[in-house]
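Asks: Note that the numbering used here has the sequence shown beginning at 620, numbered continuously upward.
A virtual CB, placed ideally from N, CA and C, is assigned to each residue, including glycine.
For clarity, every value in this text was computed on a predicted model and none was experimentally measured.
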Amino acid sequence: MAIAVHNPFDIVRRQIREATEQLGLPPAVYEILKQPLRFVEVAIPVQMDDGSLRVFQGFRSQHNDALGPTKGGVRFHPSVTPDEVKALSMWMTVKCALLAIPFGGGKGGIVCNPKELSPRELEALSRGFVSALQQVLGPDKDIPAPDVYTTPQIMAWMMDEFSRARAANAFALVTGKPVELGGSRGRVEATGRGCVAAVAALAERIGLSLEGARVAVQGYGNVGSVAARLLRELGAVLVAASDSQGGVYNPHGLDPLALSRFKEEAGTLASFPGGDRITNEELLACDADILIPAALENQLTEANAGAVKARIVAEAANGPTTPEAEAILYERGALVIPDVLANAGGVTVSYFEWVQNLSGWYWPEEEVERQLARRMAEACEEVFHLQEERRSTIRQAAYMVAVRRLAEAMRLRGWLARTPALWRG
Ligand code: GLU
């Protein structure tokens, strides 16, 4: 059996089209949402340490700004493609609308292998990206943030480049900055924290106790490691974790902090001495109640979804489950918390960071955590409620909530021509 090849751009278009149909919205809504309103490709020349010149390819997709300036991370990865960046920007639109954050969706990417670049080369590349996109970025236009392999330091360089060009401090240009430079407290932990809030909300709903629940995390980076640590604080047991080099399994439990320290020093956790070595495939199929894919797209496919034993799959990564895999998981009785909900904590605290930068009033960490918890709880409640009412998947319910808000914003702005009121009351 050939496994379907998945272009995330096709997947997200299908997801949005399905939501517009389920909501009975006019076709104009899908016609606007089916592609980014703006997509920019740039060439970024960088002088390398050996004196040679390399020209990197970069992209920025600004999908839809009906609800506010576009917002979303920049990914540095060798496999970045225009369609991937477009899809990720569309997921951002859905995510922000779902969390009722006043942002649209954007995303950027640079085709590069950051592991092979020196800090100086990385700085030149980050600055070059902002300089090439200067006209279309800005605190009230499009606000970048970290994503795969981009860090607070990279955000600091981007902010500095933009500030220099404008001859004015522009902290609110990017989020995910270091705390010393206008970054929000709690931003680094936010995505993992939001994911755990969604897992806890769903676990409560289905009567799964987190006390003793077994957790497997694929992708032990910033998001996965924080989720593992916080779940452990709630009584769960981390039984497996992996990164791009492989994973480790211990049914009696792994110490999340010891794993993080080991990975920090060794560069990978695959050789962690506290458990058995496993592959990424084995991790997905291991004996766990909660599976958290926190790496890249298309990890759970029709080829391996049948082997998943978890009852809850929480998509900390963007797009880790193919539509075929999701159908198999539901048949097996597992529930999937979709990326647009499970990883929305990151952009939520990015929003708080932007608010803090614009107001110049910085919040203590407890305030960030409290506001994040409230927004996650509200979004979960709304989505789970609609899911039950419509007997849909959680993903379909999440898209319906988001697309409904987007459609109403576009109608009020006059983007849908003479479409009459979409909702009564
Ligand atoms: N890259 C993260 C995401 O995919 C965060 C985006 C942001 O904070 O703007 O949600």
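If you reduce the DSSP assignment to three classes, tell me which class Arg1043 lands in.
Replies: Counting from 1 along the sequence shown, the entry for residue 1043 is found at position 424. Low confidence applies to Arg1043: its pLDDT is 49, below 50, so where it sits in the model is not reliable, and the reading given next is rough at best. Reduced to three states, the DSSP call for Arg1043 is coil.
Asks: Considering only heavy atoms of the ligand GLU, does any lie closer than 8 Å to the CB of Ile762?
Replies: Working through the sequence shown from its first residue, we reach residue 762 at position 143. Checking every heavy atom of the ligand GLU against the Cβ of Ile762, one is found closer than 8 Å.
Asks: Measuring alpha carbon to alpha carbon, tell me which residue in Met667, Ile651, Thr920 is nearest Pro627.
Replies: Position 8 of the sequence shown, counting from 1, holds the residue named residue 627. Selected option, being the one with the closest Cα: Thr920.
Asks: Tell me, which residues are paired with Leu954 by DSSP?
Replies: Within the sequence shown, numbered from 1, the residue matching residue 954 stands at position 335. DSSP lists Ile931 as partners of Leu954.
Asks: Going straight from the alpha carbon of Asp759 to that of Phe722, what length do you get?
Replies: On the sequence shown, position 140 is the one that residue 759 refers to. On the sequence shown, position 103 is the one that residue 722 refers to. Their backbone Cα atoms lie some 10 Å apart in a straight line.
Asks: May I ask you to check if the CB of Lys690 is nearer than 8 Å to at least one heavy atom of the ligand GLU?
Replies: Residue mapping note: residue 690 aligns to position 71 of the sequence shown, counting from 1. True, at least one ligand heavy atom lies under 8 Å from that Cβ.
Asks: Return the CA-CA distance between Asp908 and Pro939, expressed in angstroms with no decimal places.
Replies: Here residue 908 refers to the residue found at position 289 when the sequence shown is read from its first residue. Here residue 939 refers to the residue found at position 320 when the sequence shown is read from its first residue. Between Asp908 and Pro939, the C-alpha separation is close to 18 Å.
Asks: Under the assumption that Glu945 contacts Val955 (Cβ atoms under 8 Å), give the Cβ distance between them as a whole number of angstroms.
Replies: Position 326 of the sequence shown holds residue 945. Position 336 of the sequence shown holds residue 955. Right, their Cβ atoms sit about 6 Å apart.
Asks: Is Asp766 a contact residue of the ligand GLU, with contact defined as CB to any heavy atom under 8 Å?
Replies: Reading the sequence shown from its first residue, position 147 is the one you call residue 766. Within the cutoff, so yes.
Asks: Mapping the DSSP letters down to three states, classify Lys690 as helix, strand or coil.
Replies: Along the sequence shown, one-based indexing puts residue 690 at 71. In the structure shown, Lys690 sits in a strand (DSSP, three-state: E or B).
Asks: Beta strand (DSSP E) containing His682: first to last residue?
Replies: Here residue 682 corresponds to residue number 63 of the sequence shown, with the count starting at 1. Looking at the DSSP string, the run of the beta strand (DSSP E) that includes His682 is 672-683.
Asks: Quick check on DSSP: helix, strand or coil for Pro758?
Replies: For the purposes of this step, residue 758 is taken as the residue at position 139 of the sequence shown. Pro758: coil per DSSP, three-state reduction.
Asks: Check for me: the alpha helix (DSSP H) holding Gly593 runs from which residue to which?
Replies: Given a span of 620 to 1044 for the chain in the structure shown, any question on residue 593 remains unanswerable.
Asks: Please list, in chain order, all residues of the same chain as Leu1005 whose beta carbon is under 7 Å from its beta carbon, the five residues on each side excluded.
Replies: Counting from 1 along the sequence shown, the entry for residue 1005 is found at position 386. Counting only Cβ-Cβ distances below 7 Å, and skipping sequence neighbours, we find Ala1016, Met1019, Val1020.
Asks: From this set, His682, Ile729, Gln754, which residue's C-alpha is nearest Ala743's C-alpha?
Replies: The residue given as residue 743 occupies position 124 in the sequence shown. Residue Ile729 is the option with its Cα nearest to Ala743.
Asks: Specify, as a first and last residue, the run of the beta strand (DSSP E) that Ser861 falls within.
Replies: Taking the sequence shown and counting its residues from 1, the one referred to as residue 861 is at position 242. Here the beta strand (DSSP E) through Ser861 covers 856-862.
Asks: Within 9 Å of any Cβ in chain C, is that where the Cβ of Ser861 sits?
Replies: Although the question refers to chain C, the structure presented lacks it and comprises just one protein chain.
Asks: Could you give the first and the last residue of the continuous beta strand (DSSP E) run that contains Gly843?
Replies: What you label residue 843 is simply residue 224 of the sequence shown in a count that begins at 1. Taken as a continuous stretch (DSSP letters only), Gly843 belongs to no beta strand (DSSP E), being part of the alpha helix (DSSP H) at 841-852.
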